[in-house]
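First comes the structure, then the notes that go with it.
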Amino acid sequence: MSSSLVKILLCLVCFTLFVYVRSKEEEESCELGSERSARYLLYDVNPGEGFNLRRDVYLRIANLVRKLNQFDNWVLVLPPWGNLYHWRNVPRGTYFPWKAYFDMPSLNKWIQVMEFEDYVKVHGPRIRSAYVLQHYDEEWSGNWQEKYDERPCVNEHSFIFREEDEIWHGMKWGTVLEMQQLKCLSVQGYASSLLPLLTKEDDSRSIYLRRSETVLHDDFGGQWYWSARRSMRFAASLLKEAQRFRHEVLNSDDTHDKTQVKDDWRDTKPEHGTALGGPYISVHLRRRDFVHARNSEIPSLKKAAKQINQILKRENLTTVFVATDAPAQEVEELRTLVEGVLVVYEPSTEVLQRGGDGAVAIIDQIICSHARYFTGTYESTFSFRIQEEREIMGFQVETTFNRLCGKNAKCEQPAKWKISY
């Protein structure tokens, strides 16, 4: 082989190696660049708010992230579920991830989400900027407009954080968070009202919004609201447990009830009237604090039973499933007043260990949402969530948007928030 040919072959080998190494460097650089481009939005809700209101706040913030993604690559970091006000089977200091209640791949079909524990594993408990949202302290003037201003902190929930060596520290979700800056914002407006604030902070790769219930829905009842809501499918384990109970106790299954849905919520567009429901009616009967807080709108057990009996007769059914926070003695009293079979769900130790009261709430809602007819409680977010599930499955509005009357013989029924695609 001539020396010139050897030189040519050596040059080809060197060039090939150069191209390979360069391509690997570019590939690694792209991966790192993608990581650098990701921005993270963390949020939480007033500690006193319940499970179902928190689910509503998620919809507001999820659609804020949808709009933020028009400017950058944002990931929503999901706050763990701790011992909420109405929960009685979750020890203090116990936290459940979102995957205990919801199908994470389904959520990710709308926006990119991430569990808080996974965020901490990758980035540590560090956050660049934190904003405590609050209402304006001045009296209402009647002139509503979208606005926000940096103001002194006026809410006691703002003061769980303390500044030390120019770093803010505070315990949240069982973790001590570290924030480089913390400010309080008085806000009046929708979630998207914060877009100018969030998009201008180019150097903040992670931002934390405290008291996110302060902002309103951008598109309540509209297409974007329902898309986010439809993505909130329940965890497979909870669906399986609810299906078991429906089959064994209520003679109910998705095939006969016509409540089958496709694996991907984006392919599910049922029309009203397509769902039949199982051979039972369902009732959400809120008691405890509602008996006092909404005394005129919450029926006595005797009056609740009278209305249940009327529905059973009208629907030609004999079984009622009741989801309630009433104490056991009230459930037994109601059972003696109902002219039919009254059924409640009793969770196993395994279910409580896996998801606590949140798991029980979701299983109750699944069972209620599959009934032939549903009636709920006045202004209860628990009832709202059931009505939404029934809308998604395609039940007739007349069998969905109902509530028990309180002291009055007749009462205004819930607004019919129909699904929008």
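Here the sequence shown stands for residues -23 to -1, 1 to 398, where the numbers follow mature numbering (1 follows the signal peptide of the UniProt record, and there is no 0). Just so you know, even glycine gets a beta-carbon here, dropped at the ideal spot from N, CA and C. Since the model is a prediction, treat every value here as computed from it, not as a measurement.
Asked: Residues bridged to Val299 (per DSSP); Found: Val260
Asked: Own chain, CB closer than 6 Å to Val54, minus 5 neighbours either side, in chain order; Found: Tyr17, Leu19, Met91, Phe93, Tyr96
Asked: For Thr16, the residue or residues it bridges with in DSSP; Found: Checking the sequence shown, residue 16 turns out to be Arg, not Thr. Answer is Trp51, bridged to Arg16.
Asked: Of the listed residues Ser118, Glu356, Pro57, Arg32, nearest to Ile149 (C-alpha basis); Found: Checking the displayed sequence, the identity of residue 149 turns out to be Lys instead of Ile. Nearest C-alpha to Lys149: Pro57.
Asked: Member of Asn60, Trp51, Lys44 whose CA lies at the smallest distance from the CA of Glu26; Found: Asn60
Asked: Selected residue, minimal CA-CA separation from Ala252, among Gly371, Arg105, Lys86, Lys160; Found: Gly371
Asked: Lys393, DSSP secondary structure in three states; Found: coil
Asked: Check whether Thr376 and Tyr350 have beta carbons under 8 Å apart; Found: yes
Asked: Separation of Glu140 from Gln364, as counted between CA atoms; Found: 45 Å
Asked: Residue 406 versus Phe73 - alpha carbon distance; Found: The structure shown does not extend to residue 406, since the chain is modelled only from -23 to 398, so the question has no answer here.
Asked: In chain order, each alpha helix (DSSP H) run of at least 4 residues that lies wholly inside the segment 51 to 106; Found: 81 to 84, 93 to 100
Asked: 6 Å CB neighbourhood of Ser259 in its chain, flanking five on each side removed; Found: Phe298, Cys345, Ala348, Phe351
Asked: Of the listed residues Thr326, Lys160, Gly166, Lys76, nearest to Ser214 (C-alpha basis); Found: Lys76
Asked: Span of the beta strand (DSSP E) around Gly166; Found: Where Gly166 is concerned, there is no enclosing beta strand (DSSP E), given that its DSSP letter is neither H nor E.
Asked: Straight-line gap, Lys279 to Lys235 (C-alpha atoms, nearest Å); Found: 33 Å
Asked: For Pro276 and residue 403, the rounded distance between their alpha carbons; Found: The structure shown does not extend to residue 403, since the chain spans only -23 to 398, so no value can be given for it.
Asked: Cα-Cα separation, Cys161 to Thr232; Found: 52 Å
Asked: Three or more C-beta pairs below 8 Å linking the segment 194 to 214 and the segment 32 to 50; Found: yes
Asked: Local conformation of Glu356 per DSSP, three classes; Found: coil
Asked: As assigned by DSSP and simplified to three states, the class of Tyr398; Found: coil
Asked: Beta bridge counterpart(s) of Leu278 as assigned by DSSP; Found: Per DSSP, none; premise fails for Leu278.
Asked: Where the beta strand (DSSP E) through Glu218 begins and ends; Found: First-last for Glu218: 213 to 227, but that is the alpha helix (DSSP H), not the beta strand (DSSP E).
Asked: Where Trp145 falls: helix, strand or coil (DSSP); Found: strand
Asked: Residue range of the alpha helix (DSSP H) that includes Val246; Found: Per the sequence presented here, residue 246 reads as Lys, with Val not at that position. Lys246 -> no alpha helix (DSSP H), and no H or E assigned at all.
Asked: Segment limits, alpha helix (DSSP H) that includes Tyr202; Found: 200 to 207
Asked: Inter-residue Cα distance where the pair is Met156 and Ser106; Found: 6 Å
Asked: Under 8 Å between C-beta atoms of Leu227 and Thr295; Found: no
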